[in-house]
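To convert, take the position in the sequence shown, counting from 1, and add 54; that gives our numbering. Here is the structure we will look at, set down as structure tokens.
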Amino acid sequence: MDVDSSSVSSNSEPEHELSIYERIGEHLDSISCSTEAYKVLRQTKLTQALDNLAGSPFVSFKSRWDTAPFKLLVKGDDAGTWFKPDVEVLQKHATPSPFGRGEETVLDPTYRNGTELKADELAFSLQGDKKSHYISFVIHIQDELATSMFVGKSVTLKLYKLAIYGEGGHFDWHRDSTHSDAHHGTVLVALNTEWEGGDLMLRHQGVETVVNMHPTISHSKKSGDQLQPVVVAFYTDTEHKVMPVTKGTRLVLQYDVEAVEQAPRYRGPSYTPLREAVRRHQYIASRINTYPNLDQKVLQAVVDEIRELHEKGSTFVAFPLTHLYRKASVKKEYLKGTDSALFDVLENHFNVVLHPVLICAVEDGWERREEFFAHKYKSSEEEPSRAKGRGRRVFKNASFHLPQASAILQLSLPNGAHLGNEAQVNGEARYYGAGMFVEPKSDE
Ligand SMILES: O=C(O)CCC(=O)C(=O)O
Ligand SMILES: [Fe+2]
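Dropping the structure here:
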């Protein structure tokens, strides 16, 4: 990239969370930062505009589908129905749930205490064998997600497992592991049992939310009162935990959500992805609890601010994505939530490039003040000379704007190491911070 650069200057404040990020970043990659640096700015007009945009990391809604009669089969054994599952049969076949601590898969009941059945051990069919009803239930969830968390994407649910938590069962804070580049969400649906405790908690940008997963009664004139499951979906990079169950048994189906960009279809002359997203949101907003923020005014404020920065001479304006991604998923087609909506809008006005990002701290030798720099993450094959102590080049006409609500600072799990529902053996599923790099369109 052809941009001006200057040597390091020092006038920023020390930032506690940034130090954490830098430590984790190094832990993740065991590399030093690359030589080309973007100066990190905080509390700018652009960071404020981005903070106003921050959305919610999850949705929950009642399924309108009649799930009551779904039959459950475990390794061919009858295990009741969604309405009345046979807990004993399910437990008989279940195995203890491990989790991932760094590269290891471990069993540690102080962190996770529960058992599970894998997807290939389970089957569903309606009494009378109309299996298509179960498939319709799944398709209904996919459709809801394509109008909320994954606007305009083609969404596929894949059953991952059934988690069983008896009394004392729980799972501490973790992020779910991803199983493919397109895997961006988790869906949970509780079966109809009675339990107390066992709340699901989600944590995003430091805010914790409790979700009630108990099936609820729905009143309908046509079909009378009906018990319906609550569907909870969240992005895979959302930290979550299951509080200890104090009574009864909690049975939860867990699905992986794969989302990829939809093939272009015929669009009318007034079509824009944002208009389409907002139209769909208005339709579902009344039924769905929370969803990404797609307020046009808030999105426009980000566009206006970037344009102003460009006009003032900051040709390269960068900021972090709201979510974390595996490295191979830092691509337009895999963006989720507000990241996806914002990219679509910015792309109409600017040249936008996505790239994994590392933030590094540099200590000023005299005053012992830390300064922070954002770097496009490059592997050692891409930039082999990086670690050999070449000077840092700071782009003069560029800035990296770091909002409060940025997942890049949320990589700080309690002990700084990966804690997931699975181990990370070859590292391809690691979560990275990433950024959007926005410059004026070359023809403007
Ligand atoms: O049972 C639940 O509600 C979630 C379990 C979970 O987070 C997991 O197994 O990864
Ligand atoms: Fe999980």
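Every residue gets a Cβ at the ideal spot worked out from N, C-alpha and C, and that includes glycine.
- At a Cβ-Cβ threshold of 8 Å, Val492 and Val406 count as neighbours.
- Beta-bridge analysis with DSSP links His224 to Asn167.
- The closest heavy atom of ligand 2 lies less than 7 Å from the beta carbon of His228.
- Nearest in C-alpha terms to Ala148, of all of Val113, Gln308, Ile218 and Thr121, is Ile218.
- Beta-bridge pairing by DSSP links Lys207 to Glu315.
- Here Glu90 is near Arg447, since their CB atoms are less than 8 Å apart.
- Taking a C-beta distance under 8 Å as the contact criterion, Thr247 and Arg304 qualify as a contact pair.
- Under the three-state reduction of DSSP output, Asn405 falls in the strand class.
- The beta carbon of Thr369 lies closer than 8 Å to those of Val57, Asn451, Ala452, Glu493 and Pro494 in the same chain, with the five residues before and after it left out.
- Collapsing the DSSP output to three states places Arg361 in a helix.
- Going by C-alpha positions, Ser234 is about 29 Å away from Leu104.
- Collapsing the DSSP output to three states places Lys386 in a helix.
- In the structure shown, the three-state DSSP call for Ala122 is coil.
- Assigned with DSSP and collapsed to three states, Ala236 falls in coil, not helix or strand.
- For Lys99, the enclosing alpha helix (DSSP H) stretches over residues Lys99 to Leu107.
- Exclusion of the five residues before and after Lys172 leaves Lys215 as the residues of its chain whose Cβ lies within less than 7 Å of its Cβ.
- In this structure Glu293 is buried. Its beta-carbon is surrounded by 16 or more other beta-carbon atoms within 10 angstroms.
- Look at Thr169: its beta carbon is at least 7 Å from all of the heavy atoms in ligand 2.
- Out of His268, Val243 and Gly220, the CA that lies nearest to the CA of Lys301 is found in Gly220.
- Between Lys430 and Tyr289, the beta carbon gap of about 23 Å keeps them out of contact (Cβ cut-off 8 Å).
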